[in-house]
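Report on one structure; see the data block that follows.
Here it is as structure tokens:
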């Protein structure tokens, strides 16, 4: 049982059992890192507030946006290729397996065409919004399969897939690092110890520590949201394998020294753990304190460094227990096949540097100061917050990102979105005007390429929605109205003139005459009717008389004939009498006269007879006509009565006309007055409209012409609804504005611009109806701004906590405030110097002038936490030699000479372990590795100089009085010890 206990077999069984448990309980690290390893910002920063508002706008769904890139490297996209892009967008939109929320392609509308097609016409983008609950890798692969277009290069990029690819690259880099580090450590340990078992056992103990700590960290992350990052596993590897090997070297070296001094394996192992273990505990405790201090950081990404503290704690337990089994069991065989058990050779470099510093202190310190000046005073350099730069160009998402950068404005790869959340709907005239005004204001901000919003969906003003256009139409309408008014005014003047010229008084008099005539007409018609009645009665009498006349005419004709015949006989008798009385002159004269008279009578009767026949004929006709008249007399009487009746109606109408005419005359006079007044009023209206027109023209030309105004009907119109749907939530209480910058969205320049824009927007809305609205900017630039602020602010806080913790640990270890402050100062100067050298090397060798944003942080914690080990190694040796070498100067020289080999070996191993990060192709890991390696080189050179100068200046006397009494007593008991140490 004692042998079982002395050989530490129980420790072996326990650690093997824990290792088996760890292997079977290890969660899916890759998926866990993807799910919980992303950089997470505090919930109260602006970009995270914007994400919450975006989620509300999407109906509570978490979504991601992927960018589909189609590029023709040989020239402009052809018509067929453009059609193929649109067909692809349609196919993606209709693919139910993708669960797309929205798909925006260049073929959707003119605004999308303008935004998504590059200026050189060689590239088009399609924006696809998908649910965040599905794996981005699966979504990307499906999209890539659908995007395959002959003659075009196709890519899927976006923040989420870039982060996914970064995790993949980091994971592959870790695999390379593990293999390279193991091979490197194996080779170095073989060289240092000239043994095959030492490297195997060392890697076994460190590997066990790594397995157990990884299991604990990942299970804590899985069950209790312990902070992890993409770099957690990587830094666990390099730190544990680095310092674990260093501690093993220290432990094995002391064990070898005790074996050489003749101790048995069990005793030598116990002694080695007592002395070297104390140094390991002191050093490990400083590292542990340094990484544990990160738990006080507010930034979860910085807190993920606590995982290393877990690993260091496990490492210390494993090294100081598991190693005991191999040392106690194997003993001298641990160093097989080497037969040389001598301790490490003395370090000639550290011996020279310490000795020269002690004799030429000011010269050596001056050289260090001169060398440090260009490293410390080179100004402040911006950091690179672009995660895409972490990826090699061969990764498809990075290639797509590069195409966007080459063919579009730099900001198109990650537009920013300004969200405005109001308590009331924003789809009203006043709020839309405020949003449009804000859109124009943002467009005028320096560094802004374009701004799209609900009132400017294409990024340009819609002229019809501004007073300048609206007033232009109004002015045009007024001009037409003025023209019409003038025509009306002219017409009224003409009508008025005609009315004036119409002489309605004369017309009224004429109508009066007409009325009088109508009266006479009615009277005459009545007389006519009476006359017709008399006439018809006369016609009857005429008909009867004409019949009698006709009958008398015949008698007349016959009588005339007889009378003529009698007259002729009388004439003949008279002629005879005349001839008989020729002698009787007087009787002859009277007979002559009588004969003449009788001849005349006879002639007259002849004429009368000749006329009597026509007269008789005429009387016959008269008789016939009178008969016809008598037959028509009834109709004539009826017509006469109608004429009388009609004339009465005419009279009545004419009298009414006369009355109306008199009224019309009065109304016409009023109309003339009204037309005159209307003409005057139209003149005044014309003057007024001219004044208004001129005022509107001036207003149109003024700044008011740029005022936005949307009619209520337009807001509800089908043409405006798509814009509302695109830039507002369904309840219209959230509106978004998309901002594209001229600069890369991940740069410090863009972050500063977004920070300025956010401040300006909040100030501008302060005095508007939207003053109580929640305003936040989301997107890559906003995240970069928040990341910059959070990282920089928490970096200083974390550094202060870490330095205080390590400083207190150093004070306990060294028992000196001056030494602790000197060590801290040395580490800080080393950090700044190595960081500047890394920046130079990165620019010259990798064409990357900027360090990544997390390089300073990781470089600091690695250099400070790991670099302090070497200071502790040196000062612990210095303290252990205090009783043996009272001369402080000789003691520091001796300690530097002895421990120099250990420190340099440890630095080589730790530097080599970090060098294994370089093939990872991850920029941050490469820069951190470079910084640590440079820092280790600086420490390996400067540490003996600085500590020797510090000892000389803080101890002006040669003998350390603190140990004087003890040394005198020691000399009395061991008179030869001083001479022995003096020789050394």
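In this note's numbering, the protein residues as written are 413 to 1396.
Virtual Cβ for every residue (Gly too), placed ideally from N, Cα, C.
Since this is a predicted model, take the numbers as computed values, not measurements.
Starting from residue i, follow the beta strand (DSSP E) in both directions and report where the run begins and ends.
i, result
"residue 542", "535-543"
"residue 745", "Run containing residue 745: none; DSSP gives neither H nor E here."
"residue 1190", "1186-1190"
"residue 468", "From DSSP, residue 468 is part of no beta strand (DSSP E) but of the alpha helix (DSSP H) over 458-469."
"residue 862", "860-864"
DSSP puts residue i in a beta bridge; with which residues?
i, result
"residue 499", "Its beta-bridge partners do not exist; DSSP assigns none."
"residue 1147", "832, 1140"
"residue 878", "1120"
"residue 565", "483"
"residue 695", "Note: residue 695 sits in no beta bridge, so no partner."
"residue 796", "1264"
"residue 1152", "862"
"residue 477", "541"
Counting along the chain, where does the alpha helix (DSSP H) carrying residue i start and finish?
i, result
"residue 581", "571-605"
"residue 558", "548-559"
"residue 644", "644-672"
"residue 526", "522-528"
"residue 1354", "1335-1366"
"residue 451", "From DSSP, residue 451 is part of no alpha helix (DSSP H); its letter is neither H nor E."
"residue 515", "It is not in any alpha helix (DSSP H) - residue 515 instead sits in the beta strand (DSSP E) that spans 514-516."
"residue 847", "841-855"
"residue 807", "First-last for residue 807: undefined, no H or E at that position."
"residue 1254", "1229-1258"
"residue 786", "773-788"
"residue 615", "609-636"
"residue 435", "421-437"
Counting only the same chain and skipping the five closest in sequence on each side, list residues whose C-beta sits under 6 Å from that of residue i.
i, result
"residue 1312", "759, 762"
"residue 1214", "702, 705"
"residue 598", "611"
"residue 723", "625, 648, 652"
"residue 461", "1188"
"residue 1372", "Residue placement at residue 1372 cannot be trusted, given a pLDDT of 45 that sits under 50; what the coordinates show is reported in the next sentence. For residue 1372, where only same-chain residues beyond five positions count, the Cβ hits under 6 Å are 1298, 1300."
"residue 1064", "none"
"residue 1374", "Note that residue 1374 has pLDDT 44, beneath the 50 cutoff, so the model's placement of it is unreliable and no number is given."
Could you pull out every residue in the same chain whose Cβ sits closer than 7 Å to the Cβ of residue i, ignoring the five residues on either side in sequence?
i, result
"residue 1310", "758, 1289"
"residue 1346", "1246, 1249, 1250"
"residue 675", "683"
"residue 426", "none"
"residue 487", "534"
"residue 1211", "1272"
"residue 605", "664, 747, 750"
My guess is that residue i and residue j are in contact by the Cβ rule of under 8 Å, so how many angstroms apart are they, rounded?
i, j, result
"residue 1282", "residue 1351", "6 Å"
"residue 718", "residue 707", "5 Å"
"residue 533", "residue 586", "In fact, because the Cβ distance is near 43 Å, the residues do not count as touching under 8 Å."
"residue 1320", "residue 1330", "Incorrect: roughly 16 Å between the Cβ atoms, too far for contact."
"residue 710", "residue 454", "7 Å"
Among the residues of its own chain, which have a CB less than 8 Å from the CB of residue i, if the five just before and after it don't count?
i, result
"residue 522", "870"
"residue 865", "847, 848, 850, 851, 1139, 1147, 1148, 1149, 1150"
"residue 423", "733, 734, 736, 737"
"residue 1144", "837, 838, 839, 1136"
"residue 1217", "701, 702, 704, 705"
"residue 546", "511"
"residue 693", "728, 732"
"residue 1365", "773"
"residue 690", "1288"
"residue 524", "516, 517, 518"
Could you tell me whether the Cβ of residue i comes closer than 8 Å to any Cβ of chain D?
i, result
"residue 774", "Considering every chain present, this structure includes no chain D. It has just one protein chain."
### Task
Determine contact between the segment 731-741 and the segment 1291-1301, defined as no fewer than three beta-carbon pairs at a distance below 8 Å.
Proximity of the segment 731-741 to the segment 1291-1301 falls short of the contact definition, fewer than three beta-carbon pairs being nearer than 8 Å.
### Sufficient close CB pairs (3 or more, under 8 Å) joining the segment 826-846 to the segment 1147-1158
Output reads yes: the segment 1147-1158 touches the segment 826-846.
### Message
Measuring CB atoms only, is the segment 550-564 touching the segment 1296-1306, in the sense that at least three cross pairs come out at less than 8 Å?
### Response
Counting C-beta pairs closer than 8 Å gives fewer than three between the segment 550-564 and the segment 1296-1306, which falls short of the contact rule.
### Query
Are at least three pairs of beta-carbons, each pair with one atom in the segment 562-571 and one in the segment 805-815, less than 8 Å apart?
Yes: at least three Cβ pairs fall under 8 Å.
### Query
Within the chosen definition, does the segment 1158-1166 reach the segment 871-879 through at least 3 CB pairs nearer than 8 Å?
These segments do not touch.
### Message
Below 8 Å, how does it come out for the segment 529-547 and the segment 512-519: are there three or more Cβ pairs, yes or no?
### Response
Yes, they touch.
### Message
Does the structure place the segment 1258-1271 close enough to the segment 1218-1229 that three or more beta carbon pairs sit under 8 Å?
### Response
Here the segment 1218-1229 makes no contact with the segment 1258-1271; the two share fewer than three CB pairs at distances below 8 Å.
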